[in-house]
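Note sheet for the following structure.
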Amino acid sequence: MFRDDSALSLRALTKRYGDGTLALDEFDLEIPSGAFFGLLGPNGAGKTTLISAVCNLLRVSSGEIRVFGEPHNSLTARSWIGLAEQDINLDRFLTVRETLTYHGGYFGMKDPGPRADELIAAFGLEHKSDTRAPRLSGGQRRRLLLARALMHRPRLVILDEPTAGVDFELRMDLWRYIRRLHAEGTTILLTTHYLDEAEELCDEIALIRDGHLIARDTAAGLRSHFGGERLEDVYVNAMRS
Amino acid sequence: MTGLVWLCRRETLRVSKLWTQTVLAPVISSILFILVFGLSLGGRIKQVSSVDYEVFIVPGLITMGMVQAAYANNASSIFQARFDRYIHDVLSAPLRPWQVALGFTVGGVFRALAIGGSLLVLSVVFVGVPVERPFALFAAVALGLVLFSALGVVVGIYAETWDHTTFIANIVILPLAFVGGVFYSVDVLPSPWQELSHFNPVFYLVNAVRFGFLGESDVSIWLSLGVVAALAVPVYAWSQWLFTSGRRLKD
């Protein structure tokens, strides 16, 4: 049974790629509405596969995904999800403002201009609003990627390693944006390799390895279960278990 | 429908932003064909099927310019979007597969019409080409553009390298256009080349467009339109099926 108050429900989600790799194996996960949920695991654990499945970017082998109770591939569910992918995947032909307005348009916004201007200001991109994505710095692209994910006011924001490779200052900026977003009631699913980031931001953390959920708890709960003072120790112990 | 409108706008914006490459260059290339071939050969080949040679070659050259542009535009737009993965922005959006297929097709149609319209105006000015059957011309252009725009979408989705997209353009479409009666009437060809020309789909498209312009062609307009439609419908259906199934787009 799916819970009505869940932002995201995965039931027996399985994904086997064409080359035989089993990325997710009968994976179950329930993320409550309004949660700030962290997904931790080594490279190849299945984090990005899970996110891609939720966002309709891959074909699942079996299982079911619901977003706020709706099948994930319904138009309604799609309109509720905002995704900032791990890799910078910005349209090279569009300026900053166009990137946001066109994204808003794809997601059904009738007049995306004012919202685009609001996000351009919020992410400090005013002086770059007419600049095309390839001409932006790495940090500016990362901000734009996050702004694009928020453009259509999604109820569930999925952030796949949003601070990978960014400097400390931008990382703190991005944390501030994400925290504010969560405080406004948005459900957030965050994957990260930075354990301090997960501990600092997330209410609850799931550990994933080889397409299986190993554990899920608060940072304190994981510490007590796996032993270790720091989340790094918990992570190492969990991955060895 | 808002999402579809914005996707169409994005595809046409790309053509407009790159207009020197996407429109100007093919217009110059085609008009040079018309002037150089028309003027150089027009002195030797006075008339083909009772039409001045420089006028006779215009419909075929416009067709060639349009179908190449429709194909190349969509193949490169989709391949680039896949290569840079910004196609994810569209694939994750609340758009129906038919809307995505149509949206990506529109760019090629827009670019081809910009080229075809420019060439039409220049051809009227330079060689005085008539438009005898506008409805037939409209039908032929519409079917031809659906066929080649959708083909561009399909190839853009299947292609694994840029070479794959240009291979189809240079090894398939261009040769078929050249031997499809752009520069000559197939009536003058000896057997078996005349018969073989009837297996070339571009031959029917060129003749349908020529009928629209000049009111005459090597084969019946209905046969020409029928052959082009018989190809356009399944190729467009193929492009939409790729978006519906996610094949080649989603792992």
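Respectively, the protein sequence lines represent chains A and B.
Residue numbering for the first sequence follows my numbering, starting at 883 and increasing by one per position.
Residue numbering for the second sequence follows my numbering, starting at 2 and increasing by one per position.
Idealized CB from N, CA, C, for every residue including glycine.
Contact belief for residue i with residue j at Cβ below 8 Å, rounded distance in angstroms
i: residue 153/B; j: residue 237/B; result: Not quite, the Cβ-Cβ distance comes to about 11 Å (not below 8 Å), so this is no contact.
i: residue 898/A; j: residue 943/A; result: 5 Å
i: residue 207/B; j: residue 181/B; result: 5 Å
i: residue 62/B; j: residue 31/B; result: 5 Å
Exposure label - residue i; buried when at least 16 CB within 10 Å
i: residue 1081/A; result: buried
i: residue 1008/A; result: exposed
i: residue 925/A; result: exposed
i: residue 28/B; result: buried
i: residue 65/B; result: buried
i: residue 248/B; result: exposed
i: residue 7/B; result: buried
i: residue 1050/A; result: exposed
i: residue 192/B; result: exposed
i: residue 1041/A; result: buried
i: residue 1012/A; result: exposed
i: residue 148/B; result: buried
i: residue 162/B; result: exposed
i: residue 172/B; result: exposed
Contact with chain A by residue i, beta-carbon distance below 8 Å
i: residue 8/B; result: yes
i: residue 112/B; result: no
i: residue 106/B; result: no
i: residue 3/B; result: yes
i: residue 11/B; result: yes
Among the options, the one whose alpha carbon lies nearest that of residue i
i: residue 853/A; options: 929/A, 947/A and 951/A; result: Examination of residue 853/A is not possible in this model, given that chain A is present from 883 through 1123 alone.
i: residue 22/B; options: 239/B, 203/B and 74/B; result: 74/B
i: residue 78/B; options: 138/B, 157/B, 52/B and 122/B; result: 157/B
i: residue 10/B; options: 91/B, 175/B and 177/B; result: 91/B
i: residue 912/A; options: 1035/A, 936/A and 1120/A; result: 936/A
i: residue 1005/A; options: 982/A, 988/A, 962/A and 1037/A; result: 982/A
i: residue 144/B; options: 12/B, 179/B and 205/B; result: 205/B
i: residue 921/A; options: 978/A, 994/A, 1088/A and 1021/A; result: 1088/A
i: residue 224/B; options: 200/B, 246/B, 235/B and 214/B; result: 200/B
i: residue 993/A; options: 967/A, 1020/A, 1033/A and 973/A; result: 1033/A
i: residue 959/A; options: 89/B, 87/B and 93/B; result: 93/B
i: residue 1025/A; options: 949/A, 1056/A, 1100/A and 976/A; result: 1056/A
Minimum Cβ-Cβ distance from residue i to chain B less than 8 Å
i: residue 943/A; result: no
i: residue 1117/A; result: no
i: residue 940/A; result: yes
i: residue 1042/A; result: no
i: residue 971/A; result: yes
i: residue 974/A; result: yes
i: residue 960/A; result: yes
i: residue 1084/A; result: no
i: residue 1096/A; result: no
i: residue 895/A; result: no
Neighbour list for residue i in chain D, Cβ cutoff strictly below 7 Å
i: residue 1002/A; result: Looking for chain D here will not work: the only protein chains present are A and B.
Proximity test, residue i beta-carbon vs the ligand NAP heavy atom, cut-off 7 Å
i: residue 980/A; result: Of the ligands one can find in the structure shown there are none, so the ligand NAP has no counterpart to examine.
Discussion item. Closer than 9 Å between beta carbons: that is the criterion. Which residues of the segment 86–102 of chain B meet it against chain A?
Written reply: 86, 87, 88, 89, 90, 91, 92, 93, 94, 95, 96 and 97
Discussion item. By the 8 Å beta-carbon criterion, what residues does the segment 1048–1080 of chain A contribute toward chain B?
Written reply: none
Fill in: chain B contacts made by the segment 978–996 of chain A, where a contact means CB separation under 9 Å
980, 981, 983, 984, 985, 986, 987, 988, 989, 990, 991, 992 and 994
Fill in: Chain-ordered residues of the segment 232–251 of chain B with a beta carbon less than 9 Å from chain A
246, 247, 248, 250 and 251
Fill in: Within 9 Å of chain A by C-beta, residues of the segment 14–37 of chain B in sequence order
14, 15, 18 and 19
Item to complete: Could you please tell me which residues of the segment 945–958 of chain A, in chain order, have their CB closer than 9 Å to any CB of chain B?
Response: 956, 957 and 958
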